[in-house]
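Asker:
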Amino acid sequence: MSTNTLSKEAETRLINFFNTTITPGEMAKALRQANYVLALGVIRQDETPQQEIIKLENSFYWLNELAEVLNPYLDVE
1 MSTNTLSKEA
11 ETRLINFFNT
21 TITPGEMAKA
31 LRQANYVLAL
41 GVIRQDETPQ
51 QEIIKLENSF
61 YWLNELAEVL
71 NPYLDVE
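In full-length UniProt numbering, the protein residues as written are 1 to 77.
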C-alpha cells in the first residue's frame, strides 16, 4: 500500500468540504449507494469486456475502502 501524503491545499479543501457540505457518515452512505447502483448496472449488462470488469472491481473496492474510512460499518461486530 502506498503512503502518499496530501498537499496542505488538498487537506484544507477536504476539511472544508466535510465541515460545510456533508458529514463523513452521509458521504459514506452516498458512496455505498453509488457502489450498489454501479454494481447492479454491471451485473445486468450482458457482455462486459474483461478489461472493464477488472477496472470496475478495483473501483468498487476503493469506493468501499473510502466509505469505511469515513464511517466504519463493516468492522462493527
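Ideal Cβ placement from N, Cα and C applies to all residues, glycine included.
Being a predicted model, the structure only gives us computed values, none of them experimental.
Whole angstroms is fine: what's the gap from Lys-55's alpha carbon to Thr-20's?
Answerer: 32 Å
Asker: Check whether the Cβ atoms of Ala-28 and Ala-67 lie closer than 7 Å to each other.
Answerer: yes
Asker: Would you kindly work out how many angstroms separate the C-alpha atoms of Val-69 and Pro-49, rounded to a whole number?
Answerer: 31 Å
Asker: Could you have a look at Pro-49 and say whether DSSP puts it in helix, strand or coil?
Answerer: coil
Asker: Buried or exposed: Leu-31, going by 16 or more other Cβ atoms within 10 Å of its Cβ?
Answerer: With 16 or more other Cβ atoms within 10 Å, it is buried.
Asker: Can you look up Ile-22 in the DSSP assignment and give me helix, strand or coil?
Answerer: coil
Asker: Leaving out five residues before and five after Leu-6 in sequence, what residues of the same chain have Cβ atoms less than 8 Å from its Cβ?
Answerer: Leu-14
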